[in-house]
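Novice: Using my numbering, the letters of the sequence shown map in sequence onto residues 5 to 330.
C-beta: ideal position from N, C-alpha, C; glycine also.
Predicted, not measured: the structure shown is a model, and the values here were computed from it.
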Amino acid sequence: MSNDYMGRVSPPTDADLDAEVQADVHTFTVPSQAHAQRLDKWLAQCVPQYSRSHLQGLVEAGHVLLDGQAVASSRKLKAGQTLRVHLVPPPEQLAFQPEPMALDVVFEDAHVLVIHKPAGLVVHPAAGNWRGTLLNGLLARDPAAAQLPRAGIIHRLDKDTSGLMVVGRTLAAVTSLVRDMAERTIRRRYLALVHGEFASPTATFDEPIGRDPDTRVRMAVHPSGKPARTDVTRVAVQAGVSAVRCALHTGRTHQIRVHLSHHGHPLVADAVYGGKPLLGMQRQALHAVELGLAHPVTRAPLSFHATPPADFLAAWQHVAGEIPPV
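This is the structure we're talking about:
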């Protein structure tokens with residue numbers, strides 16, 4: 005089954021987010037017992053549901069006005085002054101909210117959903133990406149997803165990786181899929197373009213992956229890491245770039261990117277692991293092309309294939325020609 009991504013992801017604008025919280029405005033009159041106290045200290049007493057550091061951030065952002073003027077957190081109060089506070093929640097409190105977005109659905113029934121994730125879409129809210137994620141889109145598409153762990157998401161693709169993902173729609177399905185993932189019976193195949201000539205027709209990288217001790221935003225092959233195995237098959241080599249197929253046996257963070265970079269073949273345009281833009285690719289050249297699994301309830305075999313997006317497809321064709329059908 006093949007399906008090209010045609011949808012457009014539309015995260016909420018700043019105006020949308022402001023509209024959600026603009027009504028939560030409170031006005032306080034400074035009492036005599038608060039005279040000469042610091043603004044942030046007294047504000048924390050008035051609004052105990054938020055941390056003092058978050059309230060200090062609101063003050064610095066201009067969401068707190070003292071007699072109509074923006075002031076510093078350290079300002080000493082005077083009895084009788086008026087404090088107007090726009091209580092903007094911390095971003096993590098707004099993270100798990102439904103946000104309608106176009107999703108390229110490859111398959112669905114009452115138990116399972118298979119989607120073709122576009123490059124640029126974050127899967128799960130986290131620091132720096134609290135809104136506009138796949139999880140938010142799933143919550144909008146199916147309100148029942150709010151009752152499931154991570155809205156039914158059982159595995160992830162990196163933000164700039166495109167391709168197939170499976171999502172559970174019921175607790176029984178999620179439990180079954182998580183078990184199958186742990187038992188490594190879910191088949192995941194990727195296409196990648198890497199720098200350098202991949203010398204061997206096939207290779208297996210069976211090396212542990214953990215957090216890079218020197219750069220926390222990266223992962224690395226490390227003795228204290230978790231077991232990780234990637235099978236790699238060379239498809240073609242052209243002008244210093246190799247087209248390869250990768251099969252995952254485990255699902256560690258950045259696994260394919262780390263293993264290939266560790267062996268001197270960073271992904272094209274993967275700046276985090278040493279890749280350079282090439283062949284029109286401005287994001288890491290990685291696409292989850294195949295997904296195979298047993299249906300989480302009926303156990304019937306399911307198999308899917310997703311044509312890469314235009315940027316990856318053009319680059320792949322330059323190196324290896326057409327992608328053969330599965």
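Would you tell me roughly how many angstroms separate the C-alpha atoms of His-267 and Leu-290, rounded to the nearest one?
Specialist: Those two C-alpha atoms are separated by around 17 Å.
Novice: Helix or strand or just coil, what does DSSP make of Glu-326?
Specialist: Three-state result, Glu-326: coil.
Novice: Would you call Asp-71 buried or exposed, if buried means 16 or more other Cβ atoms sit within 10 Å of its Cβ?
Specialist: Per the 10 Å Cβ criterion, exposed.
Novice: Mind reading off the beta-carbon distance from Leu-271 to Val-198? Whole number of angstroms is fine, and I expect it under 8 Å.
Specialist: Leu-271 to Val-198, Cβ: 6 Å. Contact.
Novice: List the residues that DSSP assigns as beta-bridge partners of Gln-73.
Specialist: Its beta-bridge partners are Leu-70.
Novice: Taking 6 Å as the limit between beta carbons, can you name the residues of its chain near Thr-206, skipping five residues before and five after?
Specialist: The answer, listed in chain order, is Thr-237.
Novice: Does the contact criterion of 3 or more C-beta pairs under 8 Å hold for the stretch 160–179 versus the stretch 118–132?
Specialist: Contact holds: three or more Cβ-Cβ distances are below 8 Å.
Novice: To which residues does DSSP link Asp-235 through a beta bridge?
Specialist: Looking at the DSSP assignment, Asp-235 forms a beta bridge with Thr-208, Ala-251.
Novice: Closest to Gln-60 by CA distance: which of Gln-101, Ser-77, Phe-100, Val-109 is it?
Specialist: Among Gln-101, Ser-77, Phe-100, Val-109, the Cα nearest to that of Gln-60 belongs to Ser-77.
Novice: Residues bridged to Leu-282 by DSSP?
Specialist: In DSSP, Leu-282 forms a bridge with Met-285.
Novice: Please identify the residue among Cys-50, Gln-288, Arg-191 whose C-alpha is closest to the C-alpha of Ala-251.
Specialist: For the residues Cys-50, Gln-288, Arg-191, the minimum Cα distance to Ala-251 belongs to Arg-191.
Novice: Please name the residue in Pro-93, Val-75, Phe-100, Val-221 whose C-alpha comes closest to that of Leu-152.
Specialist: Ranking Pro-93, Val-75, Phe-100, Val-221 by Cα distance to Leu-152 puts Phe-100 first.
Novice: For Pro-305, name the three-state secondary structure that DSSP assigns.
Specialist: Pro-305 falls in the strand class under three-state DSSP.
Novice: Assign Arg-188 to one of two classes, buried (16 or more other C-beta atoms within 10 Å of its C-beta) or exposed (fewer than that).
Specialist: Arg-188 is exposed by the Cβ-count criterion.
Novice: Are the CB atoms of Glu-294 and Arg-193 nearer to each other than 7 Å?
Specialist: Yes; because the gap between Cβ atoms is below 7 Å, this pair is in contact.
Novice: Helix, strand or coil, according to DSSP, for Val-89 in the structure here?
Specialist: It is a strand residue.
Novice: Tell me the residue span of the alpha helix (DSSP H) that contains Val-178.
Specialist: Start and end: 175–186.
Novice: For the structure I just gave you, are there three or more beta carbon pairs, one from the stretch 258–267 and one from the stretch 221–236, closer than 8 Å?
Specialist: Because the criterion of three Cβ pairs below 8 Å is met, the stretch 258–267 and the stretch 221–236 touch.
Novice: Just tell me which of Gly-255, Phe-316, Ile-327, Ala-38 has its CA closest to the CA of Ala-186.
Specialist: It is Gly-255 whose Cα lies nearest to the Cα of Ala-186.
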